[in-house]
Amino acid sequence: MSLADPPDALASDTATLRNALERMGDVPAQQEATKVAIWKINGTIQSRTAAYARHKAEAETKQKESNRLRKSVVTKLAPKHSKWSSKATQAHEAATSSHQQMEASFQSLNDAKTELQRLETRRTDLVRLAIESAALQRRIDEIGDEMFPYGSEHTVLRAWVREVRIRQLFLKLIPTEVKREQRARSALNFAEKNTVTIMKILREILELSIQFGIANDNRDRLIPASLTKFSKRITPMLLRAKVLLGDFYTWIAKARMRQKFVVRAPVMELVDLSRMPDKKRNRLDQDGLVKSIESSYAQCRALQTFTQTEINLGKTRERALYKHFDELGASISAAQREVRAARAVALDVDATQLDKALAPFADKLPKDNTEVKPVAQPISADEVQRARMRLDKEMEAEAPEEDEDDAKSEMGKVAPSTVASTSTRLSLATTVTAVSMPGVDPDLFTQALHRLHTLLADLDASSRTDQDDEDLPWTMLALGF
1 MSLADPPDAL ASDTATLRNA LERMGDVPAQ QEATKVAIWK INGTIQSRTA
51 AYARHKAEAE TKQKESNRLR KSVVTKLAPK HSKWSSKATQ AHEAATSSHQ
101 QMEASFQSLN DAKTELQRLE TRRTDLVRLA IESAALQRRI DEIGDEMFPY
151 GSEHTVLRAW VREVRIRQLF LKLIPTEVKR EQRARSALNF AEKNTVTIMK
201 ILREILELSI QFGIANDNRD RLIPASLTKF SKRITPMLLR AKVLLGDFYT
251 WIAKARMRQK FVVRAPVMEL VDLSRMPDKK RNRLDQDGLV KSIESSYAQC
301 RALQTFTQTE INLGKTRERA LYKHFDELGA SISAAQREVR AARAVALDVD
351 ATQLDKALAP FADKLPKDNT EVKPVAQPIS ADEVQRARMR LDKEMEAEAP
401 EEDEDDAKSE MGKVAPSTVA STSTRLSLAT TVTAVSMPGV DPDLFTQALH
451 RLHTLLADLD ASSRTDQDDE DLPWTMLALG F
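If you read the sequence shown in the UniProt record's numbering, its first letter stands for residue 1, the second for the next number, and so on.
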């Protein structure tokens, strides 16, 4: 269907629907304004209710005082201009004034409640109006898609339709990324529990060293400490700590597989059991054993700090993703409005003036609208095998001549890392293809995925940057010296 000669019936229907949509106005903005007004009037009602209760109690108190003085025998027998008579008159006037103030407060409270009812009715009408507006927008979009098929319209129109689809795909990818953050944080929580248990074990070992007299100067003790007995006592505890340390790095590896922004954990070295004092060769002395235990405790504390930091950074990224999710919904609506406006301009102008009329819409397009990165293609098992054989041949060609025993010893050092890097590269390529949505244009999906990766990288960089310390004046004069 040609762009310059659209059907008259569809064009008239579009104009009618567009005029009806313009008469409705900006319904989301009206809903937000009504929501704010309801929030304010609720606060006003609360304050006026408290004021009315205060004025009512004050009026009742003054009315009781006025009735007491009016019914008093002294007031009845006192002269007209006496002290008791004037006091009763003042009490009556105060009661009347308080009653009037109470009535005014009650009236203002009723006015606020009436305004709240009006706003509630307005909010209900706006909900109905929003449904009608959404129906009109869908109808306008359907007619626009029928009049301007994707791929045959003007370049600017096609770019804006493409932008809407990219943002809609981007919106669908954010919840999966939030789920990824939650799964990674779950693994980090298990890792943190392991560090707490390891620190508890090391603390118990340090307490035992104090009880056995290993950690302090045993020269003042009547009976010297038994280092062998102490080492046999703590060996099962150290074995349990080593098992927990292995579990810690396993959970960290799971977290890094689930979320690539989790950094590598620091290396912790527990006490070497092959150098315990009850061993025959290269054994630790008393001071060396205590220092090794203390060093292990400090390293475990660093691991706990690392895990807590990564958990907090994951929460920061998740909050930022939720915020961007809300902003992206508004940006999709704005892009859809731009598409409708551009199509309306295309219907109203001639084909010769179309480029000039759509130039303002081209300026509003994002800079990365045309940037497309290629989607990683799936790699077959034969290609994987050929790649590994080619790498093995290159390694054999580059390796120097050496003995067979040396070659076997070096093979265990070089080959695993090379194979791991190759398998990592291949698995990442297949993962990108595996998460592609069925029925979605790969070009659009790649662009949405690229925007998601850019957003995640920016969020991770901003979360790891301490914004509060960037502008501090680190000068002697500013510090007060």
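No residue lacks a Cβ here, since even glycine has one placed at the ideal position from N, Cα and C. Only a predicted model underlies this, so the values are computations on that prediction, with no experimental measurement involved.
Taking Glu22 as reference, the option from Ala344, Ala357, Leu206, Arg317 with the minimal CA-CA separation is Ala344. One thing to note: Ala59 has its Cβ no nearer than 8 Å to the Cβ of Ser108. Thr34 and Asp458 have their alpha carbons spaced roughly 35 Å apart. Contact between the region 49-66 and the region 130-150 is absent, with fewer than three C-beta pairs closer than 8 Å.
Your pair Ala184 and Gly314 checks out as a contact, with CB atoms roughly 6 Å apart and the cut at 8 Å. DSSP places Thr307 in the uninterrupted alpha helix (DSSP H) bounded by 286-348. Selection Phe106, Leu444, Thr14 evaluated against Ile45 yields Phe106 as nearest (Cα-Cα). As the crow flies, the alpha-carbon of Arg275 is around 13 Å from that of Val290. Three or more Cβ pairs closer than 8 Å define a contact, and the region 343-360 meets that threshold against the region 10-20. With respect to Leu456, Leu328 sits apart: the two C-beta atoms are not nearer than 8 Å. Exclusion of the five residues before and after Met237 leaves Ile201, Glu204, Ile205 as the residues of its chain whose Cβ lies within less than 8 Å of its Cβ.
In the three-state reduction of the DSSP assignment, Tyr150 falls in the coil class, being assigned neither a helical nor a strand state. Under the three-state reduction of DSSP, Gly25 is assigned to coil, being neither helix nor strand. Secondary structure note for Phe445: its alpha helix (DSSP H) is the uninterrupted segment 442-463. With a threshold of 16 other beta carbon atoms within 10 Å, Leu126 meets it and is buried. Secondary structure of Pro360 (DSSP, three-state): helix.
Shown here, Asp272 sits in coil according to DSSP, grouped into three states, outside any helix or strand. Boundaries of the alpha helix (DSSP H) harbouring Lys200: 155-211, taken from the DSSP string. Relative to Asp355, the option among Val178, Leu303, Thr121, Thr155 whose CA is nearest is Thr155.
If you look at Lys242, you'll find it in the alpha helix (DSSP H) that goes 227-258. Arg138 is classed as exposed because its beta carbon has fewer than 16 other beta carbons within 10 Å across all chains shown. Here Gln46 carries a helix assignment [DSSP, helix/strand/coil]. At a Cβ-Cβ threshold of 8 Å, Leu69 and Ala88 count as neighbours. Looking from the CA of Gln90, the closest CA among Glu318, Glu65, Arg233 belongs to Glu65. Within the model, the alpha-carbon separation for Gln447 versus Pro175 is close to 17 Å. Exclusion of the five residues before and after Thr49 leaves Leu109 as the residues of its chain whose Cβ lies within less than 7 Å of its Cβ.
Across the structure, Arg240 and Ser231 are spaced so that their CA atoms are roughly 14 Å apart.
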